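Enquirer: The sequence shown: position 66 = 255 (this note's numbering), numbered continuously.
In this text, a Cβ means the ideal position worked out from N, Cα and C, and glycines have one as well.
Every value quoted in this text rests on a predicted model; they were computed, and no experiment measured them.
Starting off with a structure, shown below.
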Amino acid sequence: MDRRGKREIIISLLDFVVTLNLLSLPFYLILHFKLEWRYLKIVEAFLVSKILRIIGLNSSTIENLIVIGDRFYEVSWDSTGWKSLYVFFSLVVSLPVSFRKKIKPLAVCLTLIFIFNLARLVITIYLSYLYPQSFDFLHLGLWRWGSLMFLLLLWFIFLYFQKNNIGEAKNVVGLMYGRRKS
190 MDRRGKREII ISLLDFVVTL NLLSLPFYLI LHFKLEWRYL KIVEAFLVSK ILRIIGLNSS
250 TIENLIVIGD RFYEVSWDST GWKSLYVFFS LVVSLPVSFR KKIKPLAVCL TLIFIFNLAR
310 LVITIYLSYL YPQSFDFLHL GLWRWGSLMF LLLLWFIFLY FQKNNIGEAK NVVGLMYGRR
370 KS
């Protein structure tokens, strides 16, 4: 690989890292100021309750609470999967690839992450209703790592399909230190 090729790889890598770090700022501001989107919690609780009714549990919702018999399950802000959605969005947007090539995979993968999170909530609530002692294992052990693995799987699939396009577009660093004329 010639010097120019190495330079392009370094610029693409720096482009990705700087853009990803810039996109992490809103993430940390949301965490710091404890900002929440109440509507997302209510919608997810409603959808999970409907799915639980389909699979045989008589459930209802009160705002973001799912009620099954005398038990209440809260769909908290963290339970909505917003972190996974935001992190995947940031990873894709940060990659120096043409924005047109990001739109469809981004829409598909964000939808898959949302559906995965709904399934995670349904399975956790269903099994912890039947076996109350299983909640901590399901919630903290299995699903925390399961969500991370699912997100990484989608990210690596996206990277695989974009491997020949990386570096074709410029983000922050690429715009400042773009191609120089020989």
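Can you tell me where the beta strand (DSSP E) with Phe288 in it begins and where it stops?
Expert: Residue 288 sits at position 99 when you count from the first residue of the sequence shown. Note, Phe288: premise wrong, no beta strand (DSSP E); not H, not E.
Enquirer: Tell me which residues share the same chain as Tyr262 and place their Cβ nearer than 6 Å to its Cβ, disregarding the 5 neighbours each side in the sequence.
Expert: Position 73 of the sequence shown, counting from 1, holds the residue named residue 262. Result list for Tyr262: Ile255 and Ile314, in chain order.
Enquirer: Measuring CB to CB, does Leu277 end up less than 8 Å from Leu241?
Expert: Looking up residue 277 in the sequence shown gives position 88. Looking up residue 241 in the sequence shown gives position 52. The sequence as given places Phe at residue 277; Leu does not occur at that position. Cβ atoms of Phe277 and Leu241: not closer than 8 Å.
Enquirer: So what does DSSP say about Ser248, is it helix, strand or coil?
Expert: As a working mapping, residue 248 is identified with position 59 in the sequence shown. DSSP places Ser248 in strand when its eight states are reduced to three.
Enquirer: Grab me the residues of Arg196's own chain with a C-beta within less than 8 Å of its C-beta, minus the 5 sequence neighbours each way, in chain order.
Expert: Here residue 196 refers to the residue found at position 7 of the sequence shown. Excluding residues within five positions, none has a Cβ falling inside 8 Å.
Enquirer: Buried or exposed: Arg368, going by 16 or more other Cβ atoms within 10 Å of its Cβ?
Expert: The residue labelled residue 368 in the question sits at position 179 within the sequence shown. Confidence in Arg368 is poor, its pLDDT being 49 and thus under 50, which makes the residue's placement too unreliable to answer from.
Enquirer: Hey, how far is the Cα of Arg193 from the Cα of Phe347?
Expert: Position 4 of the sequence shown, counted from the first residue, corresponds to residue 193. Position 158 of the sequence shown, counted from the first residue, corresponds to residue 347. In a straight line, the C-alpha of Arg193 is about 26 Å away from that of Phe347.
Enquirer: How is the alpha helix (DSSP H) around Phe345 delimited, first residue to last?
Expert: In the sequence shown, counting from the first residue as 1, residue 345 sits at position 156. Taken as a continuous stretch (DSSP letters only), the alpha helix (DSSP H) holding Phe345 covers Trp332 to Gln351.
Enquirer: Determine which residues share a DSSP beta bridge with Ile255 and list them.
Expert: As a working note, residue 255 is residue 66 in the sequence shown. Bridge partners of Ile255: Thr250 and Tyr262.
Enquirer: Tell me whether Asp191 sits in a helix, a strand or coil according to DSSP, three-state version.
Expert: By 1-based counting over the sequence shown, the position of residue 191 is 2. Correct three-state label for Asp191: coil.
Enquirer: Just to confirm, are Trp271 and Leu301 a CB contact at a threshold of 8 Å?
Expert: Within the sequence shown, numbered from 1, the residue matching residue 271 stands at position 82. Within the sequence shown, numbered from 1, the residue matching residue 301 stands at position 112. Not closer than 8 Å, so no.
Enquirer: Within its chain, find whatever has a CB closer than 6 Å to the CB of Asn306; leave out the 5 residues flanking it on each side and keep chain order.
Expert: Translated into the one-based positions of the sequence shown, residue 306 becomes position 117. Excluding residues within five positions, the ones whose Cβ falls inside 6 Å are Gly270.
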